[in-house]
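The structure appears right after this line, and notes come after that.
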Amino acid sequence: FASDAAAAWRRLCFASYLRLLAAFISGPCAAARPLILRRRCQIELNGRTHPLPRRAGRDRRDEWAEWASIVVSEAARGTANTCRLRKRETAHRWDVGAVVAIIVVASYQGVFVSVPPRPHPCHHRVIRTTDADPLLGLFDDRRSDVDDDDEGQQRDESSTWMVPAQMLIDKATDDPQRSISFSIFMAFCGAMLGPFLDSYHSLFGVLAYDTPLTFPILGSGGDILQCVTTYWVPPLFGLAGFLIGWLYIWLDEVFDVEDVVAPPKVLLGIAFFTLQYWLSGVLYANGVDRSSILSIMSALAAFGFYALDGTWSGFLTSTATALGGPLIEVGLISSLPPDIGYHYTDSGELGFFPLWILPVYFLGGPANGNLARAFWDRLGGGENSQGKNSQDRVIPCDVCNGTRVTSCPNCDGQGSYVTYGERVRCTACRGKGVVICRSCFNDYGDIDASDIEAVRRFMDRIPD
């Protein structure tokens, strides 16, 4: 029953299409009567019945093409012999809008008979047998038949276009101990450093807590250096460090950023961010107007980002920090009870805080991001730095001359080849034209030659 209903629906949709085609060609005064499909084998148009018997082996597309040609010819004939239609006949004419709606729904549901996909050229190609066939084993364990090769290609394409959210999940679950340690370190650093930075704004009068907590740092008596904060500030900054750190790691994976950050650069970024925080409080305490502070803070943020980061992942994370941080503050100022709340002494342009706080938040991205990159690299055993050093270290090899790659024997190093008159992408080297040199494979990285996915990721890092 379901197959009969689907067939009836397809006939109705195609009838609508032919009816609309006849209406457009013959014009509003044509003598074309409503199109009728009867028993899938005849059509009636302009008072004439056109039988179209189904023959064994006949393609449905050929049948519909013949129907369409009949409609066009009869519509032209109806245009030449136009006559006034009776009211009872015009009552049967369909509204063009309804026909278009049916066609749109039919197209969306995919009820028209679709052309079968053309087999990929590589399905018909003959795999060449050469003396270097062991190299092909790096990419496929065994090519027993064509179906296995096709399934491997589909798996490869799906992994290439992996959604960013899945990339984050894979990054976090690949080494759970590394991910947990990274999260703890980032949250701890944020909880420890954040209150001291926030204390600058408290001491210089930028903001005031309703119930502040004061901790002495240096000095005694009146010359004491204090940390003024409240009890919920360390967890909040710890959460910020956790989020910014993971955003950097995630977006670095999305944008394929392999930036090895040296410890001096990490410390320089934190020091520069601390300087900006302190300077914003000093300028406010000395009565500098909002516009001047905004200009100075924006210039420092732009310079700091250019000097310390300069990546797309860093820019997106810093922008999210500059927008998300103030929005969180709006929620805190609006929702916290009076006994544990806080407020800015200058409500600023928006009624909550001055706008110059946005570039201060922005520079927090590179400071936390470089720290996150350094932690992630060290917790992974310095894999990025080791990979960089291994690429710089050239091991003599008579086969590849120290380049660790050789020309792909399947495509002669071209990345593609011609088969059945068409040029197709080589699946052995994935279009790169090179494969890993077997003689020096074990000297570059600890990769198992039988691990196909690991080898493919390794090949992706080979420069074009």
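The numbering of the sequence shown is the working numbering, which starts it at 3 and goes up by one.
Note that the Cβ used here is the ideal one computed from N, Cα and C, for glycine as well.
Please classify residue i as buried or exposed, where buried requires at least 16 other C-beta atoms within 10 Å of its C-beta.
{"i": "D453", "result": "exposed"}
{"i": "V284", "result": "exposed"}
{"i": "I295", "result": "buried"}
{"i": "L37", "result": "Any reading at L37 must be qualified, since the residue scores a pLDDT of 43, below 50, and its modelled position is unreliable; no value is offered."}
{"i": "R432", "result": "buried"}
{"i": "M299", "result": "buried"}
{"i": "N288", "result": "exposed"}
{"i": "D258", "result": "exposed"}
{"i": "W358", "result": "buried"}
{"i": "L277", "result": "exposed"}
{"i": "S329", "result": "Note that residue 329 is Leu in the sequence shown, not Ser. Exposed: under 16 other Cβ atoms inside 10 Å."}
{"i": "L352", "result": "exposed"}
{"i": "P411", "result": "buried"}
{"i": "N372", "result": "buried"}
{"i": "D133", "result": "Since pLDDT at D133 reaches only 41, below the 50 mark, its modelled position is unreliable, and no value is offered."}
{"i": "G243", "result": "buried"}
{"i": "V436", "result": "buried"}
{"i": "E455", "result": "exposed"}
Express the C-alpha separation of residue j and residue i in angstroms, rounding to a whole number.
{"i": "A309", "j": "W252", "result": "22 Å"}
{"i": "S204", "j": "A301", "result": "23 Å"}
{"i": "F239", "j": "D379", "result": "23 Å"}
{"i": "D177", "j": "Y346", "result": "43 Å"}
{"i": "S181", "j": "A189", "result": "12 Å"}
{"i": "F355", "j": "Y286", "result": "13 Å"}
{"i": "S201", "j": "L249", "result": "26 Å"}
{"i": "D469", "j": "L381", "result": "Residue 469 falls outside the range modelled here, since the chain spans only 3 to 466, and no answer is possible."}
{"i": "E255", "j": "F184", "result": "16 Å"}
{"i": "M169", "j": "G247", "result": "16 Å"}
{"i": "L241", "j": "K434", "result": "43 Å"}
{"i": "I272", "j": "S293", "result": "25 Å"}
{"i": "D151", "j": "A374", "result": "Interpretation of D151 is limited by its pLDDT of 48, a score under 50 that renders its predicted location unreliable; no figure is taken from the coordinates."}
{"i": "L245", "j": "P166", "result": "16 Å"}
{"i": "L360", "j": "T321", "result": "9 Å"}
{"i": "G306", "j": "V235", "result": "25 Å"}
{"i": "V230", "j": "T405", "result": "58 Å"}
{"i": "Q179", "j": "D348", "result": "45 Å"}
{"i": "G367", "j": "L195", "result": "14 Å"}
{"i": "F275", "j": "R440", "result": "48 Å"}
{"i": "L334", "j": "L318", "result": "24 Å"}
{"i": "A193", "j": "F187", "result": "10 Å"}
{"i": "S336", "j": "I342", "result": "12 Å"}
{"i": "R425", "j": "S409", "result": "18 Å"}
{"i": "L199", "j": "V268", "result": "17 Å"}
{"i": "D311", "j": "V262", "result": "11 Å"}
{"i": "I237", "j": "A430", "result": "For the record, residue 237 in the displayed sequence is Pro; it is not Ile. Straight-line Cα distance between these residues: approximately 51 Å."}
{"i": "F206", "j": "A304", "result": "24 Å"}
{"i": "V332", "j": "P197", "result": "19 Å"}
{"i": "T313", "j": "C191", "result": "23 Å"}
DSSP state of residue i, grouped into three classes?
{"i": "C413", "result": "coil"}
{"i": "V498", "result": "Since the displayed the chain opens at 3 and closes at 466, residue 498 lies outside it and no answer follows."}
{"i": "F355", "result": "coil"}
{"i": "C191", "result": "helix"}
{"i": "I251", "result": "helix"}
{"i": "T319", "result": "helix"}
{"i": "T276", "result": "helix"}
{"i": "I342", "result": "coil"}
{"i": "P218", "result": "strand"}
{"i": "F436", "result": "According to the sequence shown, residue 436 is Val rather than Phe. Three-state result, V436: strand."}
{"i": "Y363", "result": "helix"}
{"i": "R427", "result": "strand"}
{"i": "S418", "result": "strand"}
{"i": "V262", "result": "coil"}
{"i": "T231", "result": "strand"}
{"i": "P36", "result": "For P36, the predicted structure reports a pLDDT of 42, less than 50, and the residue's modelled location is therefore unreliable. The matter cannot be settled from this model."}
{"i": "T175", "result": "helix"}
{"i": "V332", "result": "helix"}
{"i": "V407", "result": "strand"}
{"i": "E455", "result": "helix"}
Going by the CB atoms, is the gap between residue j and residue i shorter than 9 Å?
{"i": "A324", "j": "Y363", "result": "yes"}
{"i": "I438", "j": "V401", "result": "no"}
{"i": "A376", "j": "P265", "result": "yes"}
{"i": "Y344", "j": "Y211", "result": "yes"}
{"i": "Q228", "j": "T213", "result": "no"}
{"i": "C399", "j": "G417", "result": "no"}
{"i": "V208", "j": "S297", "result": "no"}
{"i": "Y422", "j": "C413", "result": "no"}
Under 8 Å from any heavy atom of the ligand HEM, does the C-beta of residue i make it?
{"i": "N412", "result": "As far as ligands go, the structure on display features none, and thus does not contain the ligand HEM."}
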